[in-house]
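Input: a single structure, listed below in structure tokens.
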Amino acid sequence: MAEIVLQAQRISKFFGDRPVLNAITFAVSAGEAAVVVGRNGVGKSTLIKTLCGLTRPSAGRLLLFGREPTDLAGVQFRRIGVLLHQTLLYPNLSARENLEFYSEIFGIEQPAAHARRWLGQVGLERAAEEPVSALSRGMEQRLAIARAMLADPDLILLDEPFAALDADGAALVAALIRQALARDAAVVFTAHAPLEIAGVELGLFKLESTGLTPFDEGRRGALRSLLRRL
Amino acid sequence: MLEGFGPILRKDLRLELRSGESTVALVSLSVLILVVMVLAFGPGGARRAEIAAGALWIALIFAGTLGAAQALLAERESGCIRGLLLSPVEPATIYAAKLTVSMIFMAEAGFAVLIMLVLFFNLEFGGGLLRLVPIFALGMLGLAALCTLLATVSGRVRAGAMLLPVLVVPLFTPALIAGSKASAAVLAGQPLGAVTTWLKLLFAFDVLFVTAGYLLFEHVILED
Numbered sequence: 054m055a056e057i058v059l060q061a062q063r064i065s066k067f068f069g070d071r072p073v074l075n076a077i078t079f080a081v082s083a084g085e086a087a088v089v090v091g092r093n094g095v096g097k098s099t100l101i102k103t104l105c106g107l108t109r110p111s112a113g114r115l116l117l118f119g120r121e122p123t124d125l126a127g128v129q130f131r132r133i134g135v136l137l138h139q140t141l142l143y144p145n146l147s148a149r150e151n152l153e154f155y156s157e158i159f160g161i162e163q164p165a166a167h168a169r170r171w172l173g174q175v176g177l178e179r180a181a182e183e184p185v186s187a188l189s190r191g192m193e194q195r196l197a198i199a200r201a202m203l204a205d206p207d208l209i210l211l212d213e214p215f216a217a218l219d220a221d222g223a224a225l226v227a228a229l230i231r232q233a234l235a236r237d238a239a240v241v242f243t244a245h246a247p248l249e250i251a252g253v254e255l256g257l258f259k260l261e262s263t264g265l266t267p268f269d270e271g272r273r274g275a276l277r278s279l280l281r282r283l
Numbered sequence: 454m455l456e457g458f459g460p461i462l463r464k465d466l467r468l469e470l471r472s473g474e475s476t477v478a479l480v481s482l483s484v485l486i487l488v489v490m491v492l493a494f495g496p497g498g499a500r501r502a503e504i505a506a507g508a509l510w511i512a513l514i515f516a517g518t519l520g521a522a523q524a525l526l527a528e529r530e531s532g533c534i535r536g537l538l539l540s541p542v543e544p545a546t547i548y549a550a551k552l553t554v555s556m557i558f559m560a561e562a563g564f565a566v567l568i569m570l571v572l573f574f575n576l577e578f579g580g581g582l583l584r585l586v587p588i589f590a591l592g593m594l595g596l597a598a599l600c601t602l603l604a605t606v607s608g609r610v611r612a613g614a615m616l617l618p619v620l621v622v623p624l625f626t627p628a629l630i631a632g633s634k635a636s637a638a639v640l641a642g643q644p645l646g647a648v649t650t651w652l653k654l655l656f657a658f659d660v661l662f663v664t665a666g667y668l669l670f671e672h673v674i675l676e677d
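As structure tokens, then:
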């Protein structure tokens, strides 16, 4: 039986008195992928930040690899790759220097070679020495995805990974998600509209102010014409 | 135990070498404070050592606050602190790296201030200045520890950089008194042995705030 990598049990999040997440119950096992769809401002980014342990839920319980995030030893964060709305890249460092730095702090051997390999994977070899501040938004997004995935994490949480990407970029991210699933990683990502990735069985969830609900097969069938295919 | 310390330190120094923002701001502010002090009190007179020591510590406290704020607030503003928190690096190691960066920035400003101090107050390059080094080092460590911890707290609110000195100065007062008294004594020609009480106070302050920062950083850096 596949390991349950992420388990959210009735997680709620409030900013002051304002509820953002409402009793979210959700689980993802190794080798599974799920997409959380919701309109702008519904709390998708907050959900990702909460699921990765960056912000504490106001109520409910979150388990990552069977443990609460506060009980995870630092080294276990190597198993989690996160893409947030902010790219988490240093604007005054080059694309190569950013990936080398993150490879070093993730304890990856031969960080320079690893960074070069990832630059190749996301098609940024030519921009390797460009400072991040000089990259286009799409190139920055590719680099941010490389940063999130460079340690081959077992749990990948991506906040709108297809945002700002052209068709080639979107296909590249879809391919990286397929590769991650092939090595049994669990992938959760958000999107503002439903989508499908060819060859990937995606769990489709809708985030609303009332909570997170799965799309049942009937609704999914009705949505078929709206789905963006990658 | 300190895995990730070296890469974070190297990255911060590389960014500083590239932009020079902190160095220029710290050195300019320190020298400006010193000039104002010299114009206000005059460089000569019987109380030269006390005024020089006072000027030195006022420059240190403001430059130090700015330096620590730069090291941490810039990371927070760019959002990159989240990248560090989502890495296997222990929060205490991030604190240690940021503290070291702050110390380095402060040492740069301190060096510039010392040179200006010698020129403005007609001090001699000699034993008195050398005896100032341990006092200054202890003061910088305590201030860097305090500023790094409080910059983490103040960074959570708007205009946190402006709030930082308001939080730092009252808490740093015991070390400020000890540092300026000890500095005035050695600049007046007394040996370090004559200021051991002040040095012990500075050391105790360092132990208290380095330990507090090391233990508390993890709890204050995480988002609500």
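Protein chains in written order, with this note's numbering: chain A, 54 to 283; chain B, 454 to 677. A virtual CB, placed ideally from N, CA and C, is assigned to each residue, including glycine.
Residue burial is scored here from C-beta neighbours: Asn93/A has fewer than 16 other C-beta atoms within 10 angstroms and is therefore classed as exposed.
With respect to chain A, the C-beta atom of Leu552/B has no partner C-beta closer than 8 Å. When only Cα atoms are considered, Ser189/A and Ala217/A end up about 9 Å apart. In this structure Phe574/B is not in contact with Arg463/B, their Cβ atoms being roughly 37 Å apart against a cut-off of 8 Å. Residue Gly592/B holds the alpha-carbon nearest to the alpha-carbon of Asp659/B among Gly592/B, Leu583/B, Gly579/B and Ala565/B. Gly222/A: member of the alpha helix (DSSP H) spanning Ala220 to Ala235, first to last residue. Of Ile230/A, Leu211/A, Leu104/A and Arg236/A, the smallest CA-CA separation from Ala244/A is found for Leu211/A. Here DSSP, grouped into helix, strand and coil, assigns Leu675/B to coil. Contact residues of the stretch 536-569 of chain B toward chain A are Gly536, Leu537, Leu538, Leu539, Ser540, Pro541, Val542, Glu543, Pro544 and Thr546 (C-beta to C-beta distance below 9 Å). For Ser472/B, a Cβ of chain A is located within less than 8 Å of the residue's own Cβ. Per DSSP, the beta bridge partners of Pro184/A are Ser147/A. Taking a cut-off of 8 Å on C-beta distances, the stretch 581-591 of chain B does not touch the stretch 608-625 of chain B, as fewer than three cross pairs fall below it. Apart from sequence neighbours up to five positions away, the residues of its chain that approach Arg529/B with a beta-carbon distance below 7 Å are Gly608, ordered along the chain. Take the alpha-carbon of Ile161/A and the one of Leu537/B: they are about 15 Å apart.
The alpha-carbon separation between Asn145/A and Asn151/A amounts to approximately 9 Å. Considering only Lys66/A, Pro72/A, Ala76/A and Asp124/A, the residue with the shortest C-alpha distance to Lys102/A is Lys66/A. The beta-carbon distance between Gly520/B and Phe564/B, rounded to whole angstroms, is 13 Å. This is too long to meet the 8 Å contact definition. The beta carbon of Leu655/B sits closer than 8 Å to those of Ile588, Leu591, Gly592, Gly595, Ala628, Ala631, Gly632 and Ala635, all from its chain and outside the five residues before and after it, given in chain order. Interface annotation, Glu456/B: in contact with chain A, CB-CB separation under 8 Å. At a cut-off of 8 Å, the C-beta of Ile461/B has a neighbouring C-beta in chain A. Of Glu121/A, Ser98/A and Arg109/A, the smallest CA-CA separation from Leu136/A is found for Ser98/A. Note: Gly256/A is bridge-paired with Ala87/A in the DSSP secondary-structure output. Minimum Cα-Cα distance from Leu257/A among the listed residues Thr78/A, Leu74/A, Pro72/A and Ala86/A corresponds to Ala86/A.
Non-local C-beta neighbours of Glu503/B in its own chain, meaning closer than 6 Å and more than five positions away in sequence, comprise Ala637, ordered along the chain.
With respect to chain B, the C-beta atom of Gly160/A has a partner C-beta closer than 8 Å. For Leu172/A and Ala187/A, the gap between their C-alpha atoms comes out near 16 Å.
Of all residues in the stretch 515-537 of chain B, those with a C-beta nearer than 8 Å to a C-beta of chain A are Ser531, Gly532, Cys533, Arg535, Gly536 and Leu537, reading in chain order. In its chain, beyond the 5 residues on either side, Met569 have a beta carbon closer than 6 Å to the beta carbon of Val484/B. Its chain contains Ser633, Ser636, Ala637 and Leu640 as the residues whose beta carbon lies nearer than 7 Å to that of Ala506/B, once the 5 sequence neighbours on both sides are disregarded; these appear in chain order. Restricting attention to alpha helix (DSSP H) runs no shorter than 4 residues, the stretch 574-632 of chain B encloses them at 580-607, ordered along the chain. At a Cβ-Cβ threshold of 8 Å, Leu539/B and Ile158/A do not count as neighbours. One thing to note: Glu153/A has its Cβ within 8 Å of the Cβ of Ala168/A. Secondary structure note for Thr243/A: its beta strand (DSSP E) is the uninterrupted segment Ala239 to Ala244. The beta carbon of Phe242/A lies closer than 7 Å to those of Val88, Leu211 and Pro214 in the same chain, with the five residues before and after it left out.
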